[in-house]
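In this note's numbering, the protein residues as written are 48 to 242.
No residue lacks a Cβ here, since even glycine has one placed at the ideal position from N, Cα and C.
To start, the structure itself, in structure tokens.
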């Protein structure tokens, strides 16, 4: 994302921040043992937002008539803000689900706050050290560095539609400053749980 897109996402979120909730049983509630952050919906009609959605679709080679981008949400994590390990798909759903995720970093003037995938092995090739933490031994797996304007993308299901367990991830605690991010979720209303 470029500077204009970063700023537009944040400006459109001002005044709309609310405490982030979790939805373990389909009911929303706050649990500070699992998640400490704020979120704000990003208006769909903004021309910059529409451009981001179009690029997100294009990058994925879009899937079909049943797939769309959910309303984007800006995320704000202050000091000690985090989101414990979780999946973006909903394992209770039989029809329709989040099939893809983009985690976009809108700033990087903070410490901590990486995106950790505990089940994915950290690459050994040192060229990855520009985008993943190569020295971190505190967390298992691989941790992506929050780099302003960059994004981490993953598919939540295998090609056959079954859930991908390795996409379990966490937003690690922010240790100084304030992390700003943007969630872009691809939803397929025609997805069905394979038998």
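What are the residues that DSSP puts in a beta bridge with residue 133? Walking along the chain shown from the start, residue 133 turns up at place 86. Paired residue(s): 216.
For a quick check, are the C-beta atoms of residue 164 and residue 138 less than 8 Å apart? Taking the first residue of the chain shown as position 1, residue 164 is located at position 117. Taking the first residue of the chain shown as position 1, residue 138 is located at position 91. Not a contact, by the Cβ cut-off of 8 Å.
Through-space distance from residue 203 to residue 240, alpha-carbon basis: Against the chain shown, residue 240 aligns to sequence position 193. Against the chain shown, residue 203 aligns to sequence position 156. Distance between the alpha carbons of residue 240 and residue 203: 13 Å.
Which residues DSSP lists as bridging residue 182, in chain order: Reading the chain shown from its first residue, position 135 is the one you call residue 182. Answer by DSSP bridge pairing: none, since residue 182 is not bridged.
To which residues does DSSP link residue 153 through a beta bridge? What you label residue 153 is simply residue 106 of the chain shown in a count that begins at 1. BP columns for residue 153 are empty, so no partner.
Evaluate residue 20 with the Cβ neighbour count: other Cβ atoms within 10 Å of its Cβ, from every protein chain shown; 16 or more gives buried, anything less gives exposed. For residue 20 there is no data in the structure shown, the boundaries of the chain being 48 and 242.
DSSP state of residue 170, grouped into three classes? In the chain shown, counting from the first residue as 1, residue 170 sits at position 123. The answer is coil: DSSP assigns residue 170 none of H, G, I, E or B.
Mind reading off the beta-carbon distance from residue 256 to residue 88? Whole number of angstroms is fine, and I expect it under 8 Å. Here the chain comprises residues numbered 48 to 242, so residue 256 is not present and cannot be evaluated.
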